[in-house]
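In this note's numbering, the protein residues as written are 2 to 347.
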(Lines of atoms letter the chains of each structure in order from A and count residues from 1; the text may use other names and numbers.)
(Lines give C-alpha, C1' and ligand atoms only; values in the text may rest on other atoms or scores of the structure.)
Protein backbone atom coordinates (compact mmCIF):
# COMPACT_ATOMS: atom_id res chain seq x y z
CA UNK A 1 0.00 0.00 0.00
CA UNK A 2 1.35 3.40 -0.95
CA UNK A 3 0.54 6.76 0.59
CA UNK A 4 0.35 10.08 -1.30
CA UNK A 5 0.46 13.31 0.63
CA UNK A 6 -0.45 16.51 -1.27
CA UNK A 7 -1.94 19.87 -0.27
CA UNK A 8 -4.25 20.21 -3.23
CA UNK A 9 -5.52 18.14 -6.12
CA UNK A 10 -6.80 20.22 -9.02
CA UNK A 11 -8.63 18.48 -11.87
CA UNK A 12 -7.78 19.42 -15.48
CA UNK A 13 -9.94 22.21 -16.71
CA UNK A 14 -13.24 20.96 -18.01
CA UNK A 15 -12.86 17.50 -16.52
CA UNK A 16 -14.31 15.63 -13.51
CA UNK A 17 -12.15 14.50 -10.66
CA UNK A 18 -12.83 10.85 -9.88
CA UNK A 19 -11.57 9.18 -6.72
CA UNK A 20 -11.54 5.39 -6.79
CA UNK A 21 -13.12 2.89 -9.10
CA UNK A 22 -16.36 1.00 -8.97
CA UNK A 23 -16.24 -1.57 -6.22
CA UNK A 24 -13.57 0.28 -4.32
CA UNK A 25 -14.11 1.68 -0.88
CA UNK A 26 -13.07 5.25 -0.27
CA UNK A 27 -12.41 6.07 3.34
CA UNK A 28 -12.46 9.78 4.18
CA UNK A 29 -10.89 10.51 7.55
CA UNK A 30 -11.66 13.91 8.89
CA UNK A 31 -14.27 16.43 7.76
CA UNK A 32 -15.14 17.19 4.19
CA UNK A 33 -15.58 20.93 3.70
CA UNK A 34 -16.65 23.29 0.99
CA UNK A 35 -14.25 26.21 1.15
CA UNK A 36 -13.95 25.82 4.90
CA UNK A 37 -17.71 25.19 5.55
CA UNK A 38 -19.44 21.87 6.23
CA UNK A 39 -20.82 20.15 3.19
CA UNK A 40 -24.62 20.65 2.68
CA UNK A 41 -26.61 17.62 3.96
CA UNK A 42 -23.86 16.43 6.16
CA UNK A 43 -25.57 14.49 9.06
CA UNK A 44 -23.52 13.48 12.01
CA UNK A 45 -26.25 11.40 13.74
CA UNK A 46 -29.98 10.53 13.72
CA UNK A 47 -31.70 10.65 17.20
CA UNK A 48 -35.14 9.10 17.86
CA UNK A 49 -37.53 11.68 19.41
CA UNK A 50 -40.82 11.32 21.36
CA UNK A 51 -42.76 8.16 20.52
CA UNK A 52 -39.91 7.14 18.13
CA UNK A 53 -37.26 4.47 18.48
CA UNK A 54 -34.11 3.59 16.57
CA UNK A 55 -31.61 6.11 15.06
CA UNK A 56 -27.82 6.01 14.71
CA UNK A 57 -24.64 7.88 13.72
CA UNK A 58 -23.50 5.86 10.71
CA UNK A 59 -24.69 3.59 7.99
CA UNK A 60 -28.37 2.95 7.25
CA UNK A 61 -30.51 4.36 10.03
CA UNK A 62 -34.07 3.13 10.84
CA UNK A 63 -36.66 5.16 12.78
CA UNK A 64 -39.64 3.28 14.32
CA UNK A 65 -42.99 4.93 15.26
CA UNK A 66 -44.48 3.61 18.54
CA UNK A 67 -48.09 2.39 18.70
CA UNK A 68 -50.64 4.96 19.89
CA UNK A 69 -51.96 4.54 23.45
CA UNK A 70 -54.43 6.26 25.73
CA UNK A 71 -51.59 8.43 27.07
CA UNK A 72 -49.41 9.06 24.01
CA UNK A 73 -49.72 9.74 20.31
CA UNK A 74 -48.33 7.27 17.86
CA UNK A 75 -49.19 5.05 14.95
CA UNK A 76 -52.82 3.78 14.98
CA UNK A 77 -54.53 1.28 12.73
CA UNK A 78 -58.15 1.47 11.61
CA UNK A 79 -60.45 -1.39 10.67
CA UNK A 80 -61.32 -1.27 7.00
CA UNK A 81 -64.81 -2.53 7.94
CA UNK A 82 -65.55 0.65 9.86
CA UNK A 83 -63.29 3.42 8.51
CA UNK A 84 -62.14 4.80 5.18
CA UNK A 85 -58.88 6.74 4.52
CA UNK A 86 -58.23 9.06 1.60
CA UNK A 87 -55.53 11.71 1.17
CA UNK A 88 -54.65 11.42 4.82
CA UNK A 89 -58.27 11.90 6.03
CA UNK A 90 -59.94 9.15 8.05
CA UNK A 91 -63.77 8.94 8.02
CA UNK A 92 -66.38 6.57 9.49
CA UNK A 93 -68.11 4.53 6.83
CA UNK A 94 -71.89 4.47 6.45
CA UNK A 95 -73.12 1.62 8.68
CA UNK A 96 -69.55 1.46 9.91
CA UNK A 97 -70.54 1.25 13.59
CA UNK A 98 -72.13 -2.12 14.29
CA UNK A 99 -74.70 -2.73 17.04
CA UNK A 100 -72.20 -4.81 19.01
CA UNK A 101 -69.81 -1.81 19.12
CA UNK A 102 -72.39 0.40 20.91
CA UNK A 103 -72.29 0.36 24.70
CA UNK A 104 -75.54 -0.60 26.40
CA UNK A 105 -77.70 2.43 27.37
CA UNK A 106 -75.29 4.77 25.51
CA UNK A 107 -77.92 6.37 23.24
CA UNK A 108 -79.79 8.98 25.32
CA UNK A 109 -83.09 10.68 24.55
CA UNK A 110 -81.19 13.85 23.64
CA UNK A 111 -79.37 11.98 20.87
CA UNK A 112 -82.56 10.65 19.30
CA UNK A 113 -84.34 12.50 16.53
CA UNK A 114 -87.61 14.21 17.45
CA UNK A 115 -90.49 12.69 15.50
CA UNK A 116 -92.69 15.73 16.06
CA UNK A 117 -95.88 13.74 15.57
CA UNK A 118 -98.27 12.71 18.35
CA UNK A 119 -99.10 9.05 18.93
CA UNK A 120 -96.12 7.80 16.92
CA UNK A 121 -93.10 5.74 17.83
CA UNK A 122 -89.94 4.62 16.06
CA UNK A 123 -90.28 1.25 14.45
CA UNK A 124 -90.35 -0.66 11.19
CA UNK A 125 -92.10 1.72 8.83
CA UNK A 126 -91.69 -0.89 6.10
CA UNK A 127 -89.63 -3.99 5.53
CA UNK A 128 -86.05 -3.13 6.45
CA UNK A 129 -86.82 0.55 7.06
CA UNK A 130 -86.87 2.35 10.42
CA UNK A 131 -89.26 5.28 10.71
CA UNK A 132 -92.30 6.72 12.45
CA UNK A 133 -95.04 4.24 13.20
CA UNK A 134 -98.49 5.28 14.41
CA UNK A 135 -99.62 3.71 17.69
CA UNK A 136 -102.95 1.93 17.21
CA UNK A 137 -104.96 -0.47 19.32
CA UNK A 138 -104.00 -3.42 17.16
CA UNK A 139 -100.35 -2.96 18.15
CA UNK A 140 -101.15 -4.38 21.61
CA UNK A 141 -101.35 -8.13 21.29
CA UNK A 142 -104.24 -10.05 22.78
CA UNK A 143 -103.58 -11.12 26.37
CA UNK A 144 -100.47 -8.90 26.42
CA UNK A 145 -101.43 -6.77 29.46
CA UNK A 146 -100.69 -8.72 32.63
CA UNK A 147 -102.01 -8.02 36.13
CA UNK A 148 -98.61 -6.60 37.02
CA UNK A 149 -99.03 -3.91 34.35
CA UNK A 150 -102.42 -2.74 35.60
CA UNK A 151 -102.83 0.21 37.95
CA UNK A 152 -103.43 -0.45 41.62
CA UNK A 153 -107.02 -0.28 42.89
CA UNK A 154 -109.12 -0.70 46.02
CA UNK A 155 -109.45 -4.11 47.63
CA UNK A 156 -112.62 -5.81 46.39
CA UNK A 157 -113.36 -3.33 43.58
CA UNK A 158 -113.97 -4.57 40.05
CA UNK A 159 -113.79 -2.72 36.73
CA UNK A 160 -116.94 -2.03 34.68
CA UNK A 161 -117.94 0.61 32.11
CA UNK A 162 -120.26 3.61 32.33
CA UNK A 163 -122.80 4.82 29.76
CA UNK A 164 -120.01 6.50 27.75
CA UNK A 165 -117.93 3.35 27.59
CA UNK A 166 -115.31 4.63 30.01
CA UNK A 167 -113.88 2.27 32.63
CA UNK A 168 -115.28 2.77 36.13
CA UNK A 169 -114.63 1.04 39.46
CA UNK A 170 -117.53 -0.79 41.11
CA UNK A 171 -117.40 -0.24 44.87
CA UNK A 172 -116.60 -3.19 47.09
CA UNK A 173 -119.60 -5.14 48.35
CA UNK A 174 -120.01 -6.99 51.61
CA UNK A 175 -119.90 -10.70 52.39
CA UNK A 176 -122.71 -12.65 50.73
CA UNK A 177 -123.69 -9.93 48.27
CA UNK A 178 -123.83 -10.48 44.53
CA UNK A 179 -123.24 -8.21 41.54
CA UNK A 180 -126.57 -6.83 40.33
CA UNK A 181 -127.16 -5.13 36.99
CA UNK A 182 -128.59 -1.62 37.10
CA UNK A 183 -129.59 -1.81 33.43
CA UNK A 184 -128.25 0.17 30.51
CA UNK A 185 -126.56 3.46 31.31
CA UNK A 186 -125.21 2.57 34.75
CA UNK A 187 -122.53 0.27 36.14
CA UNK A 188 -123.63 -2.71 38.25
CA UNK A 189 -123.62 -2.66 42.04
CA UNK A 190 -123.24 -5.19 44.80
CA UNK A 191 -126.50 -6.13 46.56
CA UNK A 192 -127.85 -8.87 48.79
CA UNK A 193 -129.61 -11.41 46.58
CA UNK A 194 -133.35 -11.59 47.07
CA UNK A 195 -133.20 -15.36 46.95
CA UNK A 196 -130.86 -15.49 49.93
CA UNK A 197 -132.73 -13.63 52.69
CA UNK A 198 -136.19 -12.24 53.42
CA UNK A 199 -135.11 -8.67 53.83
CA UNK A 200 -136.07 -6.03 54.68
CA UNK A 201 -137.35 -7.64 57.87
CA UNK A 202 -138.21 -6.24 61.33
CA UNK A 203 -140.13 -6.84 64.56
CA UNK A 204 -141.08 -3.90 66.78
CA UNK A 205 -143.10 -3.90 70.00
CA UNK A 206 -144.59 -1.64 72.67
CA UNK A 207 -142.42 -1.52 75.80
CA UNK A 208 -144.69 0.75 77.91
CA UNK A 209 -148.40 1.63 78.15
CA UNK A 210 -149.92 4.02 75.61
CA UNK A 211 -153.19 5.79 76.35
CA UNK A 212 -155.70 6.50 73.56
CA UNK A 213 -159.04 8.26 73.26
CA UNK A 214 -162.21 6.19 73.37
CA UNK A 215 -163.61 4.99 70.04
CA UNK A 216 -160.75 6.71 68.13
CA UNK A 217 -158.32 5.11 65.73
CA UNK A 218 -154.88 5.88 67.14
CA UNK A 219 -151.50 5.03 65.66
CA UNK A 220 -149.68 2.66 67.98
CA UNK A 221 -146.17 3.76 68.82
CA UNK A 222 -144.13 0.55 68.78
CA UNK A 223 -141.12 2.09 70.47
CA UNK A 224 -138.72 -0.88 70.79
CA UNK A 225 -137.34 -3.46 68.37
CA UNK A 226 -136.46 -7.12 68.55
CA UNK A 227 -134.62 -6.80 65.24
CA UNK A 228 -134.49 -4.54 62.23
CA UNK A 229 -132.10 -6.09 59.70
CA UNK A 230 -131.99 -3.23 57.21
CA UNK A 231 -132.98 -0.40 59.58
CA UNK A 232 -136.27 0.24 57.80
CA UNK A 233 -138.56 0.67 60.84
CA UNK A 234 -138.70 4.04 62.63
CA UNK A 235 -139.16 3.46 66.38
CA UNK A 236 -138.59 7.04 67.57
CA UNK A 237 -140.53 9.57 65.46
CA UNK A 238 -143.02 8.18 62.93
CA UNK A 239 -143.38 4.58 64.15
CA UNK A 240 -143.67 3.24 60.62
CA UNK A 241 -142.13 0.62 58.32
CA UNK A 242 -140.69 1.90 55.03
CA UNK A 243 -139.24 -1.07 53.07
CA UNK A 244 -137.30 0.98 50.54
CA UNK A 245 -137.19 -2.05 48.21
CA UNK A 246 -139.98 -2.89 45.81
CA UNK A 247 -141.65 -6.23 46.30
CA UNK A 248 -144.32 -8.18 48.18
CA UNK A 249 -144.30 -8.08 51.99
CA UNK A 250 -145.97 -10.15 54.66
CA UNK A 251 -147.00 -7.83 57.52
CA UNK A 252 -148.45 -8.89 60.86
CA UNK A 253 -149.53 -7.00 63.98
CA UNK A 254 -151.23 -7.46 67.35
CA UNK A 255 -152.41 -4.96 69.92
CA UNK A 256 -153.50 -5.89 73.44
CA UNK A 257 -155.34 -3.40 75.62
CA UNK A 258 -158.37 -2.51 77.69
CA UNK A 259 -160.71 0.34 78.65
CA UNK A 260 -159.66 2.09 81.83
CA UNK A 261 -162.25 1.64 84.59
CA UNK A 262 -165.04 0.73 82.18
CA UNK A 263 -166.26 -1.99 79.88
CA UNK A 264 -166.15 -2.07 76.08
CA UNK A 265 -168.14 -3.66 73.31
CA UNK A 266 -165.65 -3.97 70.45
CA UNK A 267 -161.96 -3.63 69.60
CA UNK A 268 -160.39 -3.05 66.14
CA UNK A 269 -156.91 -3.19 64.59
CA UNK A 270 -155.95 -1.78 61.18
CA UNK A 271 -152.84 -1.66 58.97
CA UNK A 272 -152.46 1.62 57.11
CA UNK A 273 -150.54 2.08 53.87
CA UNK A 274 -149.39 5.63 53.08
CA UNK A 275 -151.87 7.04 55.61
CA UNK A 276 -154.94 5.07 54.49
CA UNK A 277 -156.50 1.92 55.95
CA UNK A 278 -155.95 -1.20 53.83
CA UNK A 279 -157.82 -3.71 56.01
CA UNK A 280 -158.85 -4.44 59.56
CA UNK A 281 -159.80 -7.10 62.08
CA UNK A 282 -162.63 -6.29 64.50
CA UNK A 283 -163.70 -8.26 67.52
CA UNK A 284 -167.03 -7.61 69.20
CA UNK A 285 -168.07 -8.46 72.78
CA UNK A 286 -171.66 -9.26 73.74
CA UNK A 287 -172.98 -7.66 76.89
CA UNK A 288 -169.83 -5.60 77.20
CA UNK A 289 -167.63 -8.57 77.93
CA UNK A 290 -164.52 -6.43 77.27
CA UNK A 291 -163.95 -5.84 80.95
CA UNK A 292 -162.23 -2.87 82.46
CA UNK A 293 -158.54 -3.34 83.20
CA UNK A 294 -158.65 -6.76 81.52
CA UNK A 295 -156.29 -7.03 78.56
CA UNK A 296 -157.72 -8.41 75.34
CA UNK A 297 -155.74 -8.72 72.12
CA UNK A 298 -156.71 -8.48 68.47
CA UNK A 299 -154.38 -9.27 65.55
CA UNK A 300 -154.25 -9.28 61.75
CA UNK A 301 -151.86 -10.14 58.90
CA UNK A 302 -151.83 -9.57 55.16
CA UNK A 303 -149.59 -9.48 52.08
CA UNK A 304 -148.88 -6.06 50.56
CA UNK A 305 -147.23 -4.75 47.42
CA UNK A 306 -144.74 -2.00 48.11
CA UNK A 307 -142.54 0.23 46.01
CA UNK A 308 -139.44 2.01 47.25
CA UNK A 309 -141.20 4.81 49.17
CA UNK A 310 -144.41 3.22 50.51
CA UNK A 311 -144.80 3.11 54.30
CA UNK A 312 -146.97 1.09 56.72
CA UNK A 313 -148.41 1.83 60.22
CA UNK A 314 -150.74 0.15 62.74
CA UNK A 315 -153.85 1.79 64.20
CA UNK A 316 -156.11 0.55 67.04
CA UNK A 317 -159.31 1.55 68.87
CA UNK A 318 -161.67 0.45 71.69
CA UNK A 319 -165.35 1.47 71.77
CA UNK A 320 -166.94 1.89 75.21
CA UNK A 321 -169.63 4.47 74.39
CA UNK A 322 -168.64 6.19 77.62
CA UNK A 323 -165.63 8.23 76.56
CA UNK A 324 -163.16 6.54 78.89
CA UNK A 325 -159.46 6.15 78.18
CA UNK A 326 -158.35 3.14 76.12
CA UNK A 327 -154.96 1.79 77.10
CA UNK A 328 -152.47 -0.25 75.07
CA UNK A 329 -150.89 -2.77 77.41
CA UNK A 330 -147.41 -4.26 77.57
CA UNK A 331 -145.59 -7.00 79.43
CA UNK A 332 -141.89 -7.13 80.22
CA UNK A 333 -141.64 -10.83 79.34
CA UNK A 334 -144.52 -11.32 76.86
CA UNK A 335 -145.27 -9.44 73.64
CA UNK A 336 -148.78 -8.07 74.02
CA UNK A 337 -148.47 -5.47 71.27
CA UNK A 338 -146.16 -5.86 68.28
CA UNK A 339 -145.72 -5.07 64.56
CA UNK A 340 -143.49 -7.00 62.14
CA UNK A 341 -142.93 -7.93 58.54
CA UNK A 342 -140.56 -9.26 55.91
CA UNK A 343 -140.11 -9.41 52.15
CA UNK A 344 -141.52 -12.50 50.46
CA UNK A 345 -139.14 -14.45 48.21
CA UNK A 346 -140.36 -14.33 44.62
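The beta-carbon is built from N, C-alpha and C at its ideal position, and this holds for glycine as well.
When beta bridges are read from the DSSP output, residue 327 appears opposite 213, 260. With a 10 Å radius around the Cβ and a threshold of 16 neighbouring Cβ atoms, residue 314 comes out buried. Taking a C-beta distance under 8 angstroms as the contact criterion, residue 250 and residue 307 qualify as a contact pair. For residue 168, the uninterrupted beta strand (DSSP E) run begins and ends at 168 to 171, by DSSP.
Three or more beta-carbon pairs drawn from the region 201 to 220 and the region 311 to 328 are found closer than 8 angstroms, and the two stretches are therefore classed as touching. Residue pairing for residue 242: DSSP places it in a beta bridge opposite 234, 313. If the five residues before and after residue 234 are omitted, its C-beta is found closer than 7 angstroms to the C-beta atoms of 203, 205, 226, 242, all from its own chain and listed in chain order. Distances from the CA of residue 156 to each of 48, 223, 162, 175 were compared; the closest alpha carbon is that of 175.
Residue pairing of residue 47 in beta bridges, as defined by DSSP: 57. Taking the Cα positions, residue 254 is about 27 angstroms away from residue 193. In the displayed model, residue 222 falls within coil according to three-state DSSP, outside both helix and strand. In the structure shown, the three-state DSSP call for residue 101 is helix. Cα atoms of residue 27 and residue 19: separation of roughly 11 angstroms, rounded to the nearest angstrom.
Using a 10 angstroms sphere on the CB of residue 9, the tally of other CB atoms stays under 16, which defines it as exposed.
The beta carbons of residue 163 and residue 201 sit no closer together than 8 angstroms. Note that the C-beta distance between residue 252 and residue 184 is not below 8 angstroms.
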